[in-house]
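Reading through the structure tokens given below for one structure.
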Amino acid sequence: MAGKIGMAVPLVEMDGDEMTRILWHMIREILIEPYVDLRTEYYDLGLKNRDETGDGVTLDAASAVRRLGVGVKCATITPNAQRMEEYGLREMWRSPNATIRAHLDGTIFRVPILAASIKPFVRTWKKPITIARHAYGDIYRGVEMRVPGKGQAHLVFTDGSGSRQRISVHDFEGPGVLMGMHNLDGSITSFARSCFRFALETKQDLWFSAKDTVSRIYDHRFKDIFTRIFEEEFKERFGQTGIRYFYTLIDDAAARVLGSEGGFIWACKNYDGDVMSDLVGGGFGSIAMMNSVLVSPEEKFVYEAAHGTVTKHYYEHLKGKFTSTNPMATLFAWTGALRKRGELDGCIELARFSERLERSAEQAINNGVMTGDLAKLSDHPGKRVVTSAEFLGEVRSRLEDPRTDV
């Protein structure tokens, strides 16, 4: 490859934590910077910097995505009590992903990365299953309370005129816990439209699941809005494209998914999508083979891996040991962002480079070169377990091979 590929507009680069932070910079240095004149607006979303900035850096990064249009994010820690003590945090900060999602609104699409040499655990699955996850509300914006003892809990809404609606939640006879959560018609509507548009673009059936038989107001509102948007805006186009939309209960959807061959989009509420994307990723072999993109209603994009920070490997790395951490989802976050930047800016070379880099990584795995997690799943006769750095080197050799298909 002669000369570096230029970029007209920067990416919003959001650094992260632990082993994925190590992989992040390895990918940057080995597979991107030698070939691309990389321009980024950098934000350090590592836990220490979030604590030092009062989490202001996360909001700054989200605002930058609104301004520049495309971001790429490394996996980050959502602290619990143990992490607060470990890092000496001032506060148990919210999930940065949830903060960014709330700021941008929209939908997260998570798609497994398939490799011919890796067989899914679910033997019927032959095509990718895309999880479309609502990116706002539910427990991620919930408020919680520890109930100390006997008493009454109520849900109260006061409108603009001061009028109140009040319903009883529970009469506590002893200690317990409470949670209040919410959602917005506008956000649910954006979610529905994003799912229908994605289904049309990819020519895949769309399933939506919730639990309206139990949650007869909250979940039923999702169902009603999806139905209205479909009937008014998308039904005719779905018919013309030859794809279908249907709603079912989430327990029924889970059973159907396991018996399917894949090749569809499964739309879920926020928490449901969080869980089911890990189920689907694991079912295809590894959640380290699951890429993710947040798409806002204004068509702003944030690409990231669907997995966490790989803490166990990070502690091994700190001891000076070599790790065989799978970098595929983090690599595909970079390639997805670079490809979208190229598409938006009319830079065909950048989009083609991203495609070629993805094919080079897939080719390495299909040739039997893989990290430890994939080797356990592969029946490739000549498989070879390599470290993360060795794998990235193998990808680079294929990237520079003119025989690599795009």
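Numbering (the working numbering), first residue to last: 857 to 1262.
Backbone N, C-alpha and C define an ideal beta-carbon position, used for all residues, glycine too.
Asked: Identity of the residue in A1110, A931 and G1095 nearest D871 by Cα; Found: A931
Asked: From P866, I888 and M875, residue whose alpha carbon lies closest to that of K860; Found: I888
Asked: Euclidean distance between Cα positions of D907 and V1158; Found: 22 Å
Asked: N1147 - partner residues in DSSP beta bridges; Found: V967 and A1161
Asked: Three CB pairs or more closer than 8 Å across the stretch 1075-1083 and the stretch 1110-1117; Found: no
Asked: CA nearest to the CA of D1068, picked from C1124, V928 and G1016; Found: C1124
Asked: C-alpha gap between E874 and L1174, whole angstroms; Found: 10 Å
Asked: Length of the line joining the Cα atoms of L1034 and V926; Found: 38 Å
Asked: Integer-rounded CB distance, given that W1063 should sit under 8 Å from T1104; Found: 7 Å
Asked: Buried versus exposed, by CB contacts within 10 Å (16 or more), L1040; Found: exposed
Asked: For V868, the three-state DSSP class (helix, strand or coil); Found: strand
Asked: Simplified DSSP state of R1100, which is helix, strand or coil; Found: coil
Asked: Cα-Cα separation, V1151 to S1234; Found: 33 Å
Asked: Nearest to V1225 (by Cα), restricted to the options E1246, E1089 and H959; Found: E1246
Asked: With 16 other Cβ atoms within 10 Å as the buried cut-off, status of R1264; Found: In the structure as shown, the chain starts at 857 and stops at 1262, and residue 1264 therefore has no counterpart that could be examined.
Asked: CA-to-CA distance, R1093 to G1228, given in whole angstroms; Found: 45 Å
Asked: Start-end ranges of the alpha helix (DSSP H) lying completely within the stretch 997-1079, minimum 4 residues; Found: 1041-1058
Asked: Residues that DSSP places opposite Y899 in a beta bridge; Found: M870
Asked: Close-in-space but distant-in-sequence residues of the same chain around S1210 (CB under 6 Å, 5 per side omitted); Found: T1191, L1194 and R1195
Asked: Local Cβ density within 10 Å of A917, reported as buried at 16 or more and exposed below that; Found: buried
Asked: Backbone secondary structure at S1180 - three-state DSSP; Found: coil
Asked: Extent of the continuous alpha helix (DSSP H) to which K1168 belongs; Found: T1167 to L1174
Asked: Helix, strand or coil at S1234 [DSSP, three-state]; Found: strand
Asked: 8 Å contact criterion, which A1189 and E1160 should meet: CB distance rounded; Found: 5 Å
Asked: Presumed contact (8 Å Cβ cut-off) between L903 and P935, rounded CB distance; Found: 6 Å
Asked: Cα-Cα separation between G1095 and R1049, rounded to whole angstroms; Found: 16 Å
Asked: Complete runs of the beta strand (DSSP E) confined to the stretch 890-941 [at least 3 residues]; Found: 896-900 and 926-929
Asked: Nearest to T1186 (by Cα), restricted to the options R884, I1085 and G1030; Found: R884
Asked: Own chain, CB closer than 8 Å to V1241, minus 5 neighbours either side, in chain order; Found: S1180, M1226, T1227, G1228 and A1231
Asked: Residues bridged to V1131 [DSSP beta-bridge criterion]; Found: Partner(s): none; V1131 has no beta bridge.
Asked: Endpoints, alpha helix (DSSP H) assigned at I1106; Found: I1106 to L1114
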